[in-house]
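Chains as they are written, first to last, in our numbering: chain A, 1 to 546; chain B, 547 to 1092.
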């Protein structure tokens, strides 16, 4: 019998939606009049980049257009948004279905210059990324690897690296590109691509980047939080990736600019992509504390290849240990400030709220800006819902990651019973430590129990922090940073159990499948005449006799 | 402002599917040849009743027909069943969608006598029952009241009483009907309807009947169990009802038959409906222990009205404290046995399995036959998913019930935080005790907390039994008897909280709805300029300064 040969894992097929090509609703054409609006691309060689940050009047005009379009066409302020949100939430459980037509509409309402950017961005993704990605949102494009793909290698192949865009994908010529330093630096300068690659010491770091929305789906399944302007995509457990990033440390470049003025506390990054907040466009702008310039890389290569457009070509920031939102792509300006960036992606998004704040009372000032990521882990195999055939031990594998500085993943444990007993991954079952990267792990977990089991994993960092027990322990209104113990439910078949072996042999004899689990047995579970005889003879007495 | 007037509860509209008329797939016509098959209704005045129990040859023939039809038409033994099961499970979350075409097909394949029974049964339901029922399964018909309807009165109005059929609904003339006693009684007799009503002391009891599948949906959402031949319908929390049942005690009638022979241990009930197990038809037959004849009523009235066809007219059993499956409808025969009934509804269904048994190894003999129901309760208001506006206390109401004998509901408690703190229902908040009926309750629960909250309830019986904490504590392969603490998730808005009051006032001013909760605020959560000023001035410092 095949099933006795080895402990095998079969997918029930209900884990992951097949990636499909999402095109969004690109049919909206009203208000698109050639030359009627002032919005222009900034310079030759910078396709998909409008310098909103230098044109406050353009930002206001764009907002006025979108406000008016929204008010004129809609019965209530959030009517179309509401429909879109509802559709999104309805499909939260089936990763792969969010189209992002609302965000597309923002661009397409603003005239011919922006009109094609959503469709072009999708073409870029199709050209550069693997067809095996799970699409979480088509525009802005958000996609992640499958569970099978992501743990094949410690270094994620570029086409499989997750993508979390906040707007369009600019296409910038290397030769046209420059990086401008300003604000509270002693000697503001501009650096060309050629200078960046040749004038400074080059450094390569192995670094995992994780989205702050990693594993958000678990929070959303617990309770719906904000589906904000940025569209809080229902990421599963693969919104992270690991690469060898090559570039120049930010400290080196700041030194080149004569160092920082005394009151500089934060470094603001400008990305060339266009992003909207409350109908107002801007470039994607966030900041990091000045101390992070030491290990932040201004990168031009990803795993030895030039950056692709999807990943921020020609140059991006890589901020180790921080949420991916700080590793700005299509980077063109860095400005030293005496405070964190006031731009909305820094000041009004990526905020971590307290438990008693929600839509009924939250203010931006009730949250804090998210920086370093906490210890987290997830099970990639088996998959949720699988029937697992085994001989008393179930092989479990996954990833573990922590952010921050001077920190790493120290230990991983797996529980076969929802957190009652824990089994550590042995030393030989986990990949090497990195200062800034994840570890992949595999462990065989003793599992005498059969039927539906709740498997869960937890990791420990160098300072002995571990993960919260329940999703609700860390649930927050913006559903960021899900790092509670990851749970999967499997159906365990211990083939060393004689009753199970006998049942599987019987099914095999009748060519009857075991799965789907809930479909009734195709054969009698025991000899009916014998069973009824036992009842008749009182051998299965239900009532006491005295 | 309207919302400050009182603590009000608004439905988010996502709780209950609207009842819709389910017709099933009644298009199957193959093999229906007039006169070609021997299956006949038993007697005039007994429409919808075939005496399968007296015709073992008919049972075998019917099984052969269905086996052949299945094998000839289907690629694998459970192919069509599987599709049906999958459809059912996919719709488990939306009560109201199970059509029961597989069960209809059993009837329609067996020739013109049975062909119209599924459709006729549905017509009977439509005529006799409330249009407000939630249909859980169209054929065999299963339906329950809504949460709002069920707690309006301690005595459930007949049209709202839940219905759990196992087959068709027979239409039996009172004048044709008789009840036959046999087996291990000293003096076997037959009783007419006239005799039953006039020759014996009449007794009325107030009795709650609950399906063993009550609250099954909670187990199914935890993990899919068997979707067996009987179709384990995804009942929510209303598969129970309370009525004043009038009739004659079974003890009285057994005495009339000269009492029981010494070795009689069980009393077997025969119902006139047709039910199928593994393609083999039979009448619906189960049994109860002889001790239960003391309080079992052979009933002909429900709340002072003659029984309707849907509820077993002209006569049914009512077995207090036991699962509804033992209160046989369309009763026509009672047989004393020296063991529990060997019929499949008793010996192969309604079995309670151990935790380590499942599809991989269960045998009927691993289960025990379910009798008395344990202590249970459920919250009927607020409803899962509701946004609740309140002034620091939330009004919660529901039902509590326990089965068994010499037992009753003693106490009910509600927790506003998933079982951490418990608040008892005060004496004046709960309806009177009955020996055999539920109690309805209301309690105001102190709730300072806001946002998504996990409310749960538990009841205590006279012997201080209470409910298990988690669904998984009692999860079993046949998903019977869900009595773990019932949980609902609400969104709490404490309007005495100044920050919430201010937010609601702001939304009111802008005519902006609060719900749906996950749709972004239509207004700024605080003054943006002031907030950004605080960041600029370092008042919200994220980094330590020394």
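Cβ atoms here follow ideal geometry from the backbone N, Cα and C, with glycine treated the same way.
Original post:
If we cut at 8 Å on Cβ distances, does residue 519 (chain A) have a partner in chain B?
Top reply: It does; some Cβ of chain B falls within 8 Å.
Original post:
Taking the alpha carbon of residue 502 (chain B) as the point to measure from, which residue in B:685, B:887, B:1048, B:788 has its own alpha carbon closest?
Top reply: Any answer about residue 502 (chain B) is impossible in this case: the structure gives chain B only from 547 up to 1092.
Subject >> Host alpha helix (DSSP H) of residue 1054 (chain B) (start-end) >> reply: 1044-1055
**OP:** Drop a sphere of 10 angstroms on the beta-carbon of residue 695 (chain B), count the other beta-carbons inside from all chains shown, and report buried for 16 or more, exposed for fewer.
**Re:** buried
Subject >> Where residue 1045 (chain B) meets chain C, residues with beta-carbon distance less than 7 Å >> reply: As a matter of chain content, chain C is missing from the structure shown, whose protein chains are A and B.
Original post:
Using the C-alpha atoms, what's the distance from residue 895 (chain B) back to residue 829 (chain B)?
Top reply: 14 Å
Subject >> the stretch 375-385 of chain A in contact with the stretch 347-363 of chain A per 3-pair CB rule at 8 Å >> reply: no
**OP:** Decide if the stretch 589-598 of chain B is in contact with the stretch 714-729 of chain B; the criterion is three or more beta carbon pairs, one per stretch, under 8 Å apart.
**Re:** yes
**OP:** Count the other C-beta atoms from every protein chain shown that fall within 10 angstroms of the C-beta of residue 535 (chain A), then say buried if there are 16 or more, exposed otherwise.
**Re:** buried
**OP:** Identify every run of the beta strand (DSSP E) within the stretch 826-851 of chain B, keeping only runs that are complete inside it and at least 3 residues long; order them along the chain.
**Re:** 826-835, 843-848
Original post:
Out of curiosity, what's the CA-to-CA distance linking residue 538 (chain A) and residue 832 (chain B)?
Top reply: When only Cα atoms are considered, residue 538 (chain A) and residue 832 (chain B) end up about 17 Å apart.
Subject >> Option in A:354, A:382, A:533, A:384 with minimal Cα separation from residue 370 (chain A) >> reply: A:354
Original post:
What are the partner residues of residue 806 (chain B), as DSSP defines its beta bridges?
Top reply: As computed with DSSP, residue 806 (chain B) is found in a beta bridge with B:731.
**OP:** Would you mind working out which of A:206, A:271, A:239, A:172 sits nearest residue 247 (chain A), comparing C-alpha positions?
**Re:** A:206
Original post:
Is residue 510 (chain A) buried or exposed, if buried means 16 or more other CB atoms sit within 10 Å of its CB?
Top reply: exposed
**OP:** Can you give me, in chain order, the residues of the stretch 927-945 of chain B that have a beta carbon less than 7 Å from any beta carbon in chain A?
**Re:** none
Subject >> Burial state of residue 1010 (chain B) (16 or more Cβ within 10 Å) >> reply: exposed
**OP:** Spell out whether any CB of chain B is found under 8 Å from the CB atom of residue 358 (chain A).
**Re:** yes
Original post:
In terms of DSSP beta bridges, what is residue 773 (chain B) paired with?
Top reply: Per DSSP, none; premise fails for residue 773 (chain B).
Subject >> Where residue 961 (chain B) meets chain A, residues with beta-carbon distance less than 9 Å >> reply: Those do not exist, as residue 961 (chain B) stays about 14 Å from chain A at its closest Cβ, beyond 9 Å.
**OP:** Ignoring anything shorter than 3 residues or poking outside the stretch 441-498 of chain A, list the beta strand (DSSP E) runs there in chain order.
**Re:** 451-461, 486-494
**OP:** Give, in chain order, every residue of the stretch 97-131 of chain A whose Cβ lies closer than 8 Å to some Cβ of chain B.
**Re:** Cβ contacts with chain B: none found.
**OP:** Could you tell me which of B:998, B:942, B:778 sits nearest to residue 990 (chain B), measuring between CA atoms?
**Re:** Among B:998, B:942, B:778, the Cα nearest to that of residue 990 (chain B) is on B:942.
**OP:** Could you please give the first and the last residue of the uninterrupted alpha helix (DSSP H) stretch that includes residue 535 (chain A)?
**Re:** That run of the alpha helix (DSSP H) goes 528-536.
Subject >> Spatial neighbours of residue 116 (chain A) in its chain, beta-carbon cut-off 8 Å, leaving aside the 5 residues before and after >> reply: none
Original post:
Can the beta-carbon of residue 946 (chain B) be found closer than 8 Å to that of residue 1005 (chain B)?
Top reply: yes
**OP:** Note down the Cα distance separating residue 513 (chain A) from residue 503 (chain A), rounded to an integer number of angstroms.
**Re:** 11 Å
Original post:
CA-CA distance, residue 672 (chain B) and residue 516 (chain A)?
Top reply: 35 Å
Original post:
Under 8 Å, do residue 334 (chain A) and residue 200 (chain A) count as touching if we go by C-beta distance?
Top reply: no
**OP:** Under 7 Å Cβ to Cβ from residue 302 (chain A), same chain only, skipping five residues before and after it: list those, please.
**Re:** Result list for residue 302 (chain A): 158, 243, 245, 311, in chain order.
**OP:** Determine the direct distance from the alpha carbon of residue 1029 (chain B) to that of residue 1013 (chain B), and round the result to whole angstroms.
**Re:** 6 Å
**OP:** Give a yes or no on whether 8 Å exceeds the smallest Cβ distance from residue 1081 (chain B) to chain A.
**Re:** Closer than 8 Å to some Cβ of chain A, the Cβ of residue 1081 (chain B) qualifies, so yes.
Subject >> Under the three-state DSSP convention, the category residue 134 (chain A) falls into >> reply: strand
Original post:
In this structure, does DSSP put residue 782 (chain B) in helix, strand or coil?
Top reply: coil
**OP:** Find the residues of chain B that neighbour residue 349 (chain A), judging by a C-beta separation of less than 9 Å, and give them in chain order.
**Re:** The contacting residues do not exist; residue 349 (chain A) stays about 12 Å from chain B at best.
Original post:
Would a C-beta distance cut-off of 8 Å place residue 1033 (chain B) and residue 988 (chain B) closer than the cut-off?
Top reply: If you check the CB distance, residue 1033 (chain B) and residue 988 (chain B) do not come in under 8 Å.
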